[in-house]
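Written below as structure tokens is the structure these notes are about.
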Amino acid sequence: MTVFVFDLDDTLYEEITFVRSGFRAVAGYLSQEFKVSANEAFRKMWSALEQKGRGSVFNEVLRDYGLETQRNIRKSLSVYRQHIPQIKLLEDAEQVLQRLPEGSAYIVTDGNKLVQHSKVQALGLYPRIKKCFITYRYGRAHSKPSPYCFQKISQIEKRPPADIVYIGDNPNKDFIGIKPLGFRTIQIKRGPYSNLKLSERYCAEAEVDHLLEIFDVIHQWKV
Ligand SMILES: [Mg+2]
Numbered sequence: 001m002t003v004f005v006f007d008l009d010d011t012l013y014e015e016i017t018f019v020r021s022g023f024r025a026v027a028g029y030l031s032q033e034f035k036v037s038a039n040e041a042f043r044k045m046w047s048a049l050e051q052k053g054r055g056s057v058f059n060e061v062l063r064d065y066g067l068e069t070q071r072n073i074r075k076s077l078s079v080y081r082q083h084i085p086q087i088k089l090l091e092d093a094e095q096v097l098q099r100l101p102e103g104s105a106y107i108v109t110d111g112n113k114l115v116q117h118s119k120v121q122a123l124g125l126y127p128r129i130k131k132c133f134i135t136y137r138y139g140r141a142h143s144k145p146s147p148y149c150f151q152k153i154s155q156i157e158k159r160p161p162a163d164i165v166y167i168g169d170n171p172n173k174d175f176i177g178i179k180p181l182g183f184r185t186i187q188i189k190r191g192p193y194s195n196l197k198l199s200e201r202y203c204a205e206a207e208v209d210h211l212l213e214i215f216d217v218i219h220q221w222k223v
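Heads up: the sequence shown runs through residues 1 to 223, numbered per the UniProt record's numbering.
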């Protein structure tokens, strides 16, 4: 029996949809608090994201409105982190989870504890999955590529790494830490890393374009 472990962001749903939903929540907050147009504030955030990346979006939009104070930046960030995300599972993620016995799969994800938890809630992953490991709960040192949470799964399931497969999208960190220990790895080719070319030790054993293909991959490993 294979134990299925999935990454969350850009594996089971599109992370950009979370960003969009968070920006909408912050735009709503700014509109309520400062009477700016929510649509305009959203557009400003989106173009700041496209031009400068995620790091300074709230600074940019607040500066634009002459509202860039530490308090407003902090407040925007907390609205972003605490909003109820409007996100949904990708169709193939939905299909793959339906094919697995309920409550059997795991998730291992990095990222802010509250944010990752609210994504899991919004996606309705419980009780379909058994457990979501948010690595930061165990200390930053145990975030990917650390094998820590994967070893925990191996202990819980009493299965060797060879019976555990991790499906993720980011070759920078998803596979390199666990491959040497014998965990099996599959890259789902989607999101910002789908065309990333890294050396062999970073790469998953197999790549798929659609999550349902993982069953064929695993079947081939066994024959
Ligand atoms: Mg990911």
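Quick reminder that beta carbons are idealized off the backbone N, C-alpha and C, glycines included. In this text, all values refer to a predicted model and were calculated from it rather than measured experimentally.
- Looking at the DSSP output, Tyr13 bridges to Asp9.
- Nearest to Leu181 by C-alpha distance, out of Ile134, Gln121 and Ser146, is Ser146.
- Annotation for Ala122: the continuous alpha helix (DSSP H) segment containing it runs Lys113 to Ala122.
- Under the rule that a run must span 4 or more residues, the alpha helix (DSSP H) segments found entirely inside the region 125-205 read 148-157.
- Chain-ordered, the residues whose CB falls short of 6 Å from any heavy atom of ligand 1 come out as Asp7, Asp9, Asp10, Thr11, Gly168, Asp169 and Asn170.
- Taking a C-beta distance under 8 Å as the contact criterion, Ile178 and Val208 do not qualify as a contact pair.
- Take the alpha-carbon of Val57 and the one of Tyr29: they are about 15 Å apart.
- Per DSSP, Tyr106 is one residue of the beta strand (DSSP E) stretching across Ala105 to Thr109.
- With a 10 Å radius around the Cβ and a threshold of 16 neighbouring Cβ atoms, Val3 comes out buried.
- Under the 10 Å beta carbon count, Val223 is surrounded by fewer than 16 other beta carbons and is classified as exposed.
- Beta-bridge partners assigned by DSSP to Val3: Ile164.
- For the set Ile134, Pro127 and Pro101, the Cα lying nearest the Cα of Gln116 is the one of Ile134.
- Burial is judged here by how many other beta carbons sit within 10 angstroms of a residue's own beta carbon; Ala141 has fewer than 16 and is exposed.
- Distance from the CA of Val108 to the CA of Phe150, rounded to the nearest whole angstrom, comes to 8 Å.
- At a Cβ-Cβ threshold of 8 Å, Arg71 and Leu114 do not count as neighbours.
- Excluding sequence positions up to five before and after His210, its CB lies within less than 7 Å of the CB of Asp92, all in the same chain and listed in chain order.
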